[in-house]
Every structure is written in C-alpha cells, then in structure tokens.
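Here the protein sequences line up with chains D and Y, keeping their order.
To convert, take the position in the first sequence, counting from 1, and add 20; that gives the working numbering.
To convert, take the position in the second sequence, counting from 1, and add 190; that gives the working numbering.
Let me begin by presenting the structure, written as structure tokens, before commenting on it.
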Amino acid sequence: MPAATHTLVIGYGSPIRGDDAIGPLGAEALAASALPAGVEVLARHVLTADLVPDLAAARRVIFLDACVGGHPGQVNVQALAPQPGLASTMAHVHDPRELLAWCVALYGRAPQAWLVSAEGASFDYAHCQLSACAQAALADMLGTVRAMLDEPDEGSQLPAGARVSAPCAGSV
Amino acid sequence: MSRTITIDPVTRIEGHARITLRLSESGRVEDARFHLTQFRGFEKFCEGRPYREMPALTARTCGICPVSHIMASSKACDHLLAVTIPPTAEMLRRVMNLAQIVQSHALSFFHLSSPDLLLGWDADPANRNVFGVMRQDPALARDGIRLRQIGQTIIELLGGKKIHPAWVVPGGVADPLQPDTREAIAALLPEGLEIARRTYGFYKALLPRFTDEARHFGTRPTLFLSLVTAKGQLEHYDGVLRVKDAQGRILEDQVPSTEYARLIGEAAEDWSYMKFPYFKPLGYPQGVYRVGPLARLNNADSCGTPYADVALAEFRTLQEDSPVTSSFHYHYARLVEIIYAFEMMERLLRSPDILDTRVRALARHNRDEGIGVSEAPRGTLMHHYRIDDSGLITWVNLIIATGHNNLAMNQAILQVAETYVEGNQLQEGMLNRVEAVIRCYDPCLSCASHAFGQMPLSLELVDARGRVVDRLARG
Numbered sequence: 021m022p023a024a025t026h027t028l029v030i031g032y033g034s035p036i037r038g039d040d041a042i043g044p045l046g047a048e049a050l051a052a053s054a055l056p057a058g059v060e061v062l063a064r065h066v067l068t069a070d071l072v073p074d075l076a077a078a079r080r081v082i083f084l085d086a087c088v089g090g091h092p093g094q095v096n097v098q099a100l101a102p103q104p105g106l107a108s109t110m111a112h113v114h115d116p117r118e119l120l121a122w123c124v125a126l127y128g129r130a131p132q133a134w135l136v137s138a139e140g141a142s143f144d145y146a147h148c149q150l151s152a153c154a155q156a157a158l159a160d161m162l163g164t165v166r167a168m169l170d171e172p173d174e175g176s177q178l179p180a181g182a183r184v185s186a187p188c189a190g191s192v
Numbered sequence: 191m192s193r194t195i196t197i198d199p200v201t202r203i204e205g206h207a208r209i210t211l212r213l214s215e216s217g218r219v220e221d222a223r224f225h226l227t228q229f230r231g232f233e234k235f236c237e238g239r240p241y242r243e244m245p246a247l248t249a250r251t252c253g254i255c256p257v258s259h260i261m262a263s264s265k266a267c268d269h270l271l272a273v274t275i276p277p278t279a280e281m282l283r284r285v286m287n288l289a290q291i292v293q294s295h296a297l298s299f300f301h302l303s304s305p306d307l308l309l310g311w312d313a314d315p316a317n318r319n320v321f322g323v324m325r326q327d328p329a330l331a332r333d334g335i336r337l338r339q340i341g342q343t344i345i346e347l348l349g350g351k352k353i354h355p356a357w358v359v360p361g362g363v364a365d366p367l368q369p370d371t372r373e374a375i376a377a378l379l380p381e382g383l384e385i386a387r388r389t390y391g392f393y394k395a396l397l398p399r400f401t402d403e404a405r406h407f408g409t410r411p412t413l414f415l416s417l418v419t420a421k422g423q424l425e426h427y428d429g430v431l432r433v434k435d436a437q438g439r440i441l442e443d444q445v446p447s448t449e450y451a452r453l454i455g456e457a458a459e460d461w462s463y464m465k466f467p468y469f470k471p472l473g474y475p476q477g478v479y480r481v482g483p484l485a486r487l488n489n490a491d492s493c494g495t496p497y498a499d500v501a502l503a504e505f506r507t508l509q510e511d512s513p514v515t516s517s518f519h520y521h522y523a524r525l526v527e528i529i530y531a532f533e534m535m536e537r538l539l540r541s542p543d544i545l546d547t548r549v550r551a552l553a554r555h556n557r558d559e560g561i562g563v564s565e566a567p568r569g570t571l572m573h574h575y576r577i578d579d580s581g582l583i584t585w586v587n588l589i590i591a592t593g594h595n596n597l598a599m600n601q602a603i604l605q606v607a608e609t610y611v612e613g614n615q616l617q618e619g620m621l622n623r624v625e626a627v628i629r630c631y632d633p634c635l636s637c638a639s640h641a642f643g644q645m646p647l648s649l650e651l652v653d654a655r656g657r658v659v660d661r662l663a664r665g
C-alpha cells in the first residue's frame, strides 16, 4: 500500500433520528466548503466494513458523531486507537475503533484517528431536525475540524478527551 | 424432569433472536424453537400514509437490505399506478437489485459465516470471529470487503447513497443513467467477477471438510418457492412464482406474483413475533417451504449466464437426481448468485437502451390494491398495499424472506440440536452448530420483525423447578 498522505473526514449517524444526524450534516457542510488540499469527506448512515480500505489508505481520519451521556451541546475530541476486542456480532454497524483494528489486521497499518463528537439533546425521529443545542454544537464541531485540518502535521494537539466547547446554557 | 436450553441472543445474524431447546430427563432434545423477540409493527404504522411514501418508509425496515424493500415497494406502487414502467427503468432497477445481492451475500459469507467455515465449529469463540478470519486468511477477508464495497459503490453510483437511496420511485427511477456512471460501474465488474470466481473456487475446495454438517444442517424435506422467468430461468426482480418439492416435482408454476395469496397463508404463534407463512395447499404447519439462494437455484432451470451456469451444474452435483435439500448449501448457492449478479449486471449495462432518458411512467393511482414481489438476497419479498380514494394506505401486508423460512428454520434447528446437542454435557461447539444452521439462512430479523440490536450470548440449562443447572456465556 502506498504511503498515506491525505486526511479523511467521515461523519456518520442516522439522518432521521434528530441530533444523531449531526455527524453526516457536519460532513456535508464541510464537503460544501473550501478545504485544504488532500482532504476527503464522506457522510455515512453507519460505519461499515467496506470503509476499511479507505481508512487504511488515509494518513489521518477524523470521525464526526453524536454522543449521549454528557451535557447537550458540548463538543469533545478524543484520540482513537484500534481495538479488536470490539468485534461486532452483527455486520452492518461498527465502532470506529473496531474498523481501525481491521485496518491493522488486513493492511498492516491504521491511520491516526480522532473522534469529534457532539452531545445530543434529542434523538427522536425528526427528519434531520437538529435541536437548538445540536445546531450550536454543529458550528463548534465544524470549527474544531477546520482547525484540525489546518494543522500541517499530525492533527490536533488537544489531549485525549478534551472538551472544546461549552454545553448549551441551561443544560448543565 | 424436562429441561430447557436457551440461546439468547443468537450471534452473527442480523437482529435479535433466541433459541430454546427442550430436553427430556435423559438429556435428549425433544423440541427446538427459534424466537423472534422484538416487534416494530411497520404494517400498522404505515396505515394512513400516502402510498408514494411507502418505498422510503419500508426501506427503513432494515440497514442491510433497504434496496430490496425499495424495490418490492416501488413495484407495489407501480401496480397501484397501473403502469408498465419503461424498459430502461426496469433494467436499471435490476442492476441495483443485483448490486444489493452482491453486497448482502458477501456480508453473509465473509463476515457472518466464514469464521465457522474457516476456523471450525469448535474453535475458541474468542477467536472464532472476523478477526480470526483475518489472521487465518487476510486475502480472503480483503476479498470479502472488496466485494461488499463494489456492491455498495454500484448502489451509491446509481442511487446517490449507499443506504436508503431514494432513486427507485413509483413508475420507474428518478434519473436516467449517465454515460460516465455507466463506465464507472462497468469498470468495477471484472474485478468483482474475478473475486467471486476465486471465492467460489476456494469454497469448493473447502467443502469436503463439511460432509457431516451438510448431512445434518436442515436436510429434512421442504418445498422451495421463488420467482423464475417465464422461461424458468433464475430471476431476482420480476417474473412468476414457482413451487417445487423436495423430489424436484413442480407443484406450481407460472403463477403471477399478484396471486401469491393463493399459494401462501400466514399463521402466528404466541412464542415469536415472526409470522409463520406456509404453503396453503398443504396447510399449517405441514406446508414448510424455503426461499432464498438455495430455493432459487433449485427452482431455476438455468441461470442464463456462462460462468453461473457452470457453477449451477456443479451445484446440482451436490445431490444427484433431486433438488439440493441441505440448508448448509445456502453458502454455496450464495456464491453462485454473486457470480451470476456480476455477469448479469455486465450484460444489462451493455444494452444499447441503458442510457435512454425515458425512465419514469407518470400516473396517479389507478387501482386500490397493489402487490410488488421481488427476490431479496434472502428470498422472496412481498409487499401488498390497499389505499383509499385519496391514495392513503389503509392496509399493508409484508411477507419477508426470513419469514418465509421461519418454519424451515425451526425444523432445521431441531434437526441440528437432535444431532449435536448432548444436554447432560453442554459444549460450546454444540451451541455454535445450532446457531450456525440459522446462519445458513442468513436471516434478517430487522426485516422479519423490523428490529435490531445485540447482546452477549448466554445459554442456560434450566430444570423443571426453574433452577439453572448449567450455563455457557459469551460476550
């Protein structure tokens, strides 16, 4: 496999489950904007195994996803490492760390990988209707990713688990 | 004292299910049941929606086979419109349907079943997964990923996205095929066919290892139901229904798919959310039949493409003088169908009319009842709608491929459990074989119940007083 040089951004989530759409919506917004050379952007419903060759061919991958359990509106950045122990018992949904492990097993390397996630407030069926919190988080998410893309070398200098934006007012 | 073994959930299938095995005092298997444990109720909540929403709504049944639902649903809507869709639209739908079959069959073979086939039924469950396959044969695993990627890419090139594309619409397709898209798809096909043929050769060489499983994995007689062409050839998109018995006698032939209800009845049991379709002339529960790749190859007189016909002839040697009755050979049939799909897509894309811009018949609803039937990867898929004068859905019946196979799957797990399970001394390999026979059918329980999820696996032996006397657990 030739030396990887480009950055791949993958936003994923269900487009009809409210704030879960923030990943693909973020990817679509990035794809529609001016990007540095060597950046490819994909929007996906879920992460599937057919993405593995694309992941393995990239120098750096930035995953965009929604998350729950924290304060709605907050955007987080964390480094991801391959984790083969996450083997899915089904085949149409994968954790990004599992797919990174596939990269290592099949292609001998995994890209540097980051997860930029936004805490969602509502995951009801809503046809791409983001909550107000998620709307605000989307802007923060995009700003974070653009800053990472502008870095010439190995991506964000943020420590793993860094919080890069505040939660929505009233959600804490 | 009778006891019950519960396998909950069944792993490496698409969706949630539980298997229970009831044992006699001596530890012999007396009964086996495959339970579908979740319910989503698409047939009810679609009521009141405009029929034109049905392809998009029913596609949400499943993340694996949305294209199949879009296909059958759009055909039901074509029927409501009372139109014959343009020939080019039909060819384009066929290409997408075949791409769906490629990606789904690749997923089933490489991802869900190859751990058993490559590593063995009794291998350590910690290694008997897709990572074990990668370690054992990384080239095979890469082929599996690439086949799925090719199928998904063709769907995306045609429909604009890989999952839930909105390109197939009532009356045809939304947009004609562009020349550069045709070239992009055509460029993928030789590699896909090469991988499919290589995998087929690999599996043929592997097959002698599985003589015992082939003898016991769902070999009891059933009927076979599928679409065939008017000439009796392999068909996945349209055609007519054929029913063949285990001796190879054709019981029903050239039945228009709109008359499916004459052949198929549906029963329900209080222990599963999956319906129990049966062949009406034989009644319930005697009317057991199978659908899917095994049934399609058994029913077809030929495939109609060169390499697939060679493979079909070899498939028929698995059981001389009658249809291939072992459900273990669903794996084999899947690989034959992948070869066929690539050959047929290549033929369709070479058609001089494939770039015709007339791809959609426009009409209002002209019937109050519409039926659409196509072959999904797992088998015959039936969508049946009734609408009111405003075009709002008043009644829906969906008969899903996995549902057709429900009686046969229950029959098969009983056979496997009787053969391999020794209730007094549970071994993980016994449990895995019971699950593996279900994997032969590649059930999509998201479709059959319209539910999905995953949990660690546990198997328990419970005595008549409810005490757990033995336990195996995964995850």
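Every residue, glycine too, gets a C-beta built ideally from N, C-alpha and C.
Quantities reported herein were computed from a predicted structural model and do not represent experimental measurements.
| request: May I have the straight-line CA-CA distance separating M244 of chain Y from E504 of chain Y, to the nearest angstrom? | output: The alpha-carbon atoms of M244 of chain Y and E504 of chain Y are separated by roughly 40 Å.
| Between A99 of chain D and P73 of chain D, what straight-line distance do the alpha-carbon atoms span, to the nearest angstrom? | Using only the alpha carbons, I get a separation of about 20 Å.
| task | Name the two residues that bound the continuous alpha helix (DSSP H) containing Y450 of chain Y. | result | Boundaries of the alpha helix (DSSP H) harbouring Y450 of chain Y: 450-453, taken from the DSSP string.
| What is the DSSP secondary structure of M244 of chain Y, reduced to helix, strand or coil? | Three-state DSSP puts M244 of chain Y in a helix.
| What is the DSSP secondary structure of R664 of chain Y, reduced to helix, strand or coil? | Residue placement at R664 of chain Y is flagged as unreliable, the pLDDT there being 44, under the threshold of 50; the coordinate-derived value follows with that caveat. Looking at R664 of chain Y - three-state DSSP - the assignment turns out to be coil, as it is neither helix nor strand.
| Supposed close pair V88 of chain D, T164 of chain D - CB separation, criterion 8 Å | With 8 Å as the limit, V88 of chain D and T164 of chain D do not qualify as a contact, their Cβ atoms being about 19 Å apart.
| For Y575 of chain Y, does the three-state DSSP call read helix, strand or coil? | Y575 of chain Y sits in a strand when the DSSP states are folded into three classes.
| said: Please classify W122 of chain D as buried or exposed, where buried requires at least 16 neighbouring CB atoms within 10 angstroms. | reply: The Cβ neighbour count for W122 of chain D, taken over all protein chains shown within 10 Å, is at least 16; the residue is labelled buried.
| Going along chain D in order, which residues have a C-beta closer than 8 Å to the C-beta of P328 of chain Y? | Ordered by position in chain D, the residues that pass the 8 Å Cβ test against P328 of chain Y are A125, L126.
| task | Kindly list the residues whose CB is nearer than 6 Å to the CB of T515 of chain Y, restricted to its own chain and excluding five residues on each side of it in sequence; keep chain order. | result | Contacts found: T409, A436.
| A186 of chain D at chain Y interface by Cβ criterion, 8 Å | Interface with chain Y (8 Å Cβ-Cβ cutoff): A186 of chain D is excluded.
| request: Taking 8 Å as the threshold, find out whether the region 271-281 of chain Y comes into contact with the region 610-625 of chain Y through three or more Cβ pairs. | output: Verdict: no, contact absent.
| task | Would you be able to state if there are at least three C-beta pairs under 8 Å between the region 407-426 of chain Y and the region 517-527 of chain Y? | result | The region 517-527 of chain Y makes contact with the region 407-426 of chain Y, as at least three CB pairs between them are under 8 Å.
| query | At a Cβ threshold of 8 Å, is G175 of chain D touching chain Y? | reply | Residue confidence is low: G175 of chain D scores 49 on pLDDT, short of 50, so the model does not pin down where it sits. Its coordinate-derived value is still stated next. Taking Cβ atoms only, chain Y never reaches closer than 8 Å to G175 of chain D, which makes this a no.
| field | CA-to-CA distance, C153 of chain D to A186 of chain D, given in whole angstroms | value | If you take the alpha carbons of A186 of chain D and C153 of chain D, they lie about 11 Å apart.
| Can you find a CB in chain Y that lies within less than 8 Å of the CB of L131 of chain D? | Position check: residue 131 of chain D holds Pro in this sequence, whereas Leu was assumed. At a cut-off of 8 Å, the C-beta of P131 of chain D has no neighbouring C-beta in chain Y.
| query | In its own chain, which residues sit with a C-beta less than 7 Å from the C-beta of M534 of chain Y, not counting the 5 before and 5 after it? | reply | Here the set comprises L288, T495.
| When you compare only the Cα positions, how much space is there between P44 of chain D and P116 of chain D? | Taking the straight line from one Cα to the other gives about 15 Å.
| request: Would you check if the distance between the CB atom of Y520 of chain Y and the CB atom of C634 of chain Y is smaller than 8 Å? | output: The answer is no: Cβ separation not under 8 Å.
| field | Bounding residues of the beta strand (DSSP E) (the contiguous stretch that carries R250 of chain Y) | value | For R250 of chain Y, no beta strand (DSSP E) segment is defined, and its DSSP state is neither H nor E.
| Endpoints, alpha helix (DSSP H) assigned at G163 of chain D | For G163 of chain D, the enclosing alpha helix (DSSP H) covers residues 152-170.
| said: Going by beta-carbon coordinates alone, are A591 of chain Y and Y479 of chain Y separated by less than 8 Å? | reply: Not in contact: A591 of chain Y and Y479 of chain Y (Cβ atoms no closer than 8 Å).
| query | Is any beta-carbon of chain Y found at less than 8 Å from that of P102 of chain D? | reply | Look at P102 of chain D: its C-beta is not under 8 Å from any C-beta on chain Y.
| Is the shortest distance between the beta-carbon of A628 of chain Y and the beta-carbons of chain D less than 8 Å? | Here the sequence assigns Ile to residue 628 of chain Y, which means Ala is not the residue at that position. No, its Cβ sits nowhere closer than 8 Å to a Cβ of chain D.
| said: Threshold first: 4 residues or longer. Then list the alpha helix (DSSP H) segments lying entirely within the region 48-85 of chain D, N to C. | reply: Secondary structure in the region 48-85 of chain D: the alpha helix (DSSP H) runs of 4 residues or longer, each lying completely within the stretch, are 72-76 in chain order.
| field | Under 8 Å between C-beta atoms of D240 of chain Y and L582 of chain Y | value | One point to set straight first is that residue 240 of chain Y is Pro, not Asp, in the sequence displayed. P240 of chain Y is a Cβ neighbour of L582 of chain Y, given a cutoff of 8 Å.
| Within the 8 Å Cβ cut-off, does F232 of chain Y reach chain D? | Taking Cβ atoms only, chain D never reaches closer than 8 Å to F232 of chain Y, which makes this a no.
| said: Beta-carbon within less than 8 Å of S517 of chain Y's beta-carbon, same chain only, minus the 5 sequence neighbours each way: which residues are those? | reply: Only F407, G408, T409, R480, L484, A598, A602, V627, C630, Y631 meet the Cβ criterion.
| Closer than 9 Å at the beta carbon, the chain D residues around R466 of chain Y | A small fix is needed here, since residue 466 of chain Y is Phe in this sequence, not Arg. Under the 9 Å cutoff, chain D gives no residues; its nearest Cβ is about 24 Å from F466 of chain Y.
| field | Exposure of G105 of chain D, with buried meaning 16 or more beta-carbon neighbours within 10 Å | value | Per the 10 Å Cβ criterion, exposed.
| request: Please report how far the alpha carbon of L309 of chain Y lies from the alpha carbon of N317 of chain Y, in whole angstroms. | output: L309 of chain Y and N317 of chain Y: Cα-Cα distance of roughly 8 Å.
| said: Just verifying my parser: in three-state terms, what is the DSSP assignment at V433 of chain Y? | reply: In the structure shown, V433 of chain Y adopts extended strand secondary structure according to DSSP, grouped into three states.
| task | Give the residues of chain Y in contact with V72 of chain D, contact being defined as C-beta atoms less than 8 Å apart. | result | Near V72 of chain D (Cβ distances below 8 Å), the residues of chain Y are I335.
| task | Using a Cβ cut-off of 8 Å (strictly closer), state whether F321 of chain Y contacts chain D. | result | With 8 Å as the cut-off, F321 of chain Y counts as an interface residue toward chain D.
| query | So, helix, strand or coil for Q644 of chain Y, using DSSP? | reply | Unreliable positioning characterises Q644 of chain Y in this predicted model, as indicated by a pLDDT of 34, which lies under 50. The coordinate reading is nonetheless provided below. Here DSSP, grouped into helix, strand and coil, assigns Q644 of chain Y to coil.
| query | Residue ranges of each beta strand (DSSP E) run of no fewer than 3 residues wholly in the region 368-456 of chain Y, ordered along the chain? | reply | 413-418, 430-434, 440-446, all fully within the region 368-456 of chain Y.
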